[in-house]
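Some notes on the structure that comes next.
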Amino acid sequence: MAAGGEVLALPAEWRLYLVPARAATFRNWPFTEGCACTPERMASAGFVHCPSENCPDVAQCFFCFKELEGWEPDDDPLEEHRKHSAGCAFLSLQKDPANLTLQEFLKLDKERTKNAIKKQISQKVTEVEDAANHLILSRKYVVFDALHE
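If you're matching positions, the sequence shown starts at 1 in our numbering and goes up one per residue.
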């Protein structure tokens, strides 16, 4: 609490360290009771729900940013997370993030931030490669058309 009694709000990316914040993202999750991958278990394994029009069951780890889709009702979220992203530091946490010291938390969040930057760079590289490939194809058609005039 800040001076004056108001509650300080956590930045959005820090709120995701809390299971209830992650669980709240699973509003239209297709797997509920009787399934292994319930919203609560997904959130406990570090996932947030980030559906798209084409992929309604996409879940992404808030920490390592690994995206998984094609979930089945009997999939164990923790097991799937380990299988597809064994190096995720969130998976190796030995205590609840709410119980970390400030130093521990900041060190951990530095890793999350590195992961976020790597993901953004990877997306930009893909965008540039796609644009370059499009440009190369466009030039081939221009040359082809010029040769056949």
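Glycine residues also receive a C-beta, built at the ideal position from the N, C-alpha and C atoms.
Your pair F63 and N115 checks out as a contact, with CB atoms roughly 7 Å apart and the cut at 8 Å. In this structure, V19 and A36 do not form a Cβ contact; the two beta carbons are roughly 17 Å apart against a cut-off of 8 Å.
Judged by DSSP in its simplified three-state form, Q60 adopts strand. Note that the C-beta distance between Y17 and P73 is not below 7 Å. By the neighbour-count criterion, in which a residue is buried when 16 or more other Cβ atoms sit within 10 angstroms of its Cβ, C61 is buried. For K110 against S85, the beta-carbon gap comes to about 18 Å, at or over 8 Å, which does not count as contact.
As the crow flies, the alpha-carbon of F26 is around 6 Å from that of P39.
When the alpha-carbon of W14 is set against those of T113, N133 and K124, the nearest one is in T113.
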